[in-house]
Each structure stands twice: as structure tokens, then as C-alpha cells.
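Trainee: Counting in the numbering used here, the sequence shown tops out at residue 139, every number present. Yeah, the Cβ is synthetic: ideal placement off N, Cα and C, and Gly gets one too.
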Amino acid sequence: MNKSKIIKTLSKYRGKTHEYGSCCCSLIFLEVHEPEMYEIIKGRYTTAIGGARVAKKELGYSSISEFIEQSESYTEIPAAFASFGDVFVSGLHTSICLGEKTLGMTNDVYTLIDTKHFMNKTTYRKDTCLT
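(1) Between the stretch 22-33 and the stretch 57-73, do three or more beta carbon pairs fall short of 8 Å?
(2) My output table needs one value for residue 41: the three-state DSSP class, helix, strand or coil.
(3) Would residue 81 and residue 97 qualify as a contact pair, given that the criterion is a beta-carbon distance under 9 Å?
(4) Do residue 83 and residue 133 have their CB atoms nearer than 9 Å?
(5) For residue 18 versus residue 104, is the C-beta spacing smaller than 9 Å?
(6) Figure out for me which residue from 44, 85, 87 has the closest Cα to the Cα of residue 66.
(7) What's the gap between the Cα of residue 115 and the Cα of residue 36?
(8) Which two residues bound the contiguous alpha helix (DSSP H) that contains residue 68?
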């Protein structure tokens, strides 16, 4: 996905309240980096457990971190080297780096947060992130 498509995709989530199955970090990650997977699971769950169940049944993974760790398309990088399109992972939560800002969640609302606050997160880069 190119930069303009990533920006357009993330802008539709900015300011939105977290809601499993329609506006959650897993779906945001999938829509940006794995659109085919996004189409399979969007709208099919309303809880974290339900999301894990649907993802495991349909995709073979119960979490984004499990998917990324097993995928050959993602490489772990030092958080200090994060750039546009990279993914921060913390447990079951994911956030997308936009450079100096990152789309993340604060008080159940998706917003832009200074990327410096993600330096303690596991960070991944999709090998074809900006094609």
C-alpha cells in the first residue's frame, strides 16, 4: 500500500471510538497491510475473544502478533528506526507509525500520538510496505 492510501485508510479511524469488529487495532492493521484478510473478518466479531476465534478459524492465527511473528513478510526492527507504515505491537494491540506521529488509542479513541511514546514496543516493517 502506498503512503496516500495508508493516510486515507488511517484518517477514517482517527477520532473514532474503539469497537471490536468495526473499529479496532486489528482491523486497522489488516486494512493497511493485509486487505484480503481484512475483508474476511471485518464485522464478524464484537469482543476480543470473538475476534481471536474468528481469526483463528478463518486465517489460522488468533492474534496480529502471532500472524506477524510467523509471516515471512514482516521483519522486526528497532523501534528507534520506525518509519511510515511500520507497526508497533504491544500484546494484543497494534499501532501504525506515520513518522513523528503514530495512530494509536487513548481512552478508547483512535488518535495521533507522538511516536516517541512507542519506543518500548516491538516494531515490525512489512518488506513491501510502500510499494
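Mentor: Quick look at the numbers:
(1) yes
(2) Position 33 of the sequence shown holds residue 41. Residue 41 falls in the helix class under three-state DSSP.
(3) Translated into the one-based positions of the sequence shown, residue 81 becomes position 73. Translated into the one-based positions of the sequence shown, residue 97 becomes position 89. Contact flag unset, no.
(4) As a working mapping, residue 83 is identified with position 75 in the sequence shown. As a working mapping, residue 133 is identified with position 125 in the sequence shown. Yes, they are a contact pair.
(5) Position 10 of the sequence shown, counted from the first residue, corresponds to residue 18. Position 96 of the sequence shown, counted from the first residue, corresponds to residue 104. Yes, these two residues count as a Cβ contact at 9 Å.
(6) Residue 66 sits at position 58 when you count from the first residue of the sequence shown. It is 44.
(7) Against the sequence shown, residue 115 aligns to sequence position 107. Against the sequence shown, residue 36 aligns to sequence position 28. Each residue's Cα considered, the two are about 17 Å apart.
(8) Position 60 of the sequence shown, counted from the first residue, corresponds to residue 68. Looking at the DSSP string, residue 68 is not in any alpha helix (DSSP H), and its letter there is neither H nor E.
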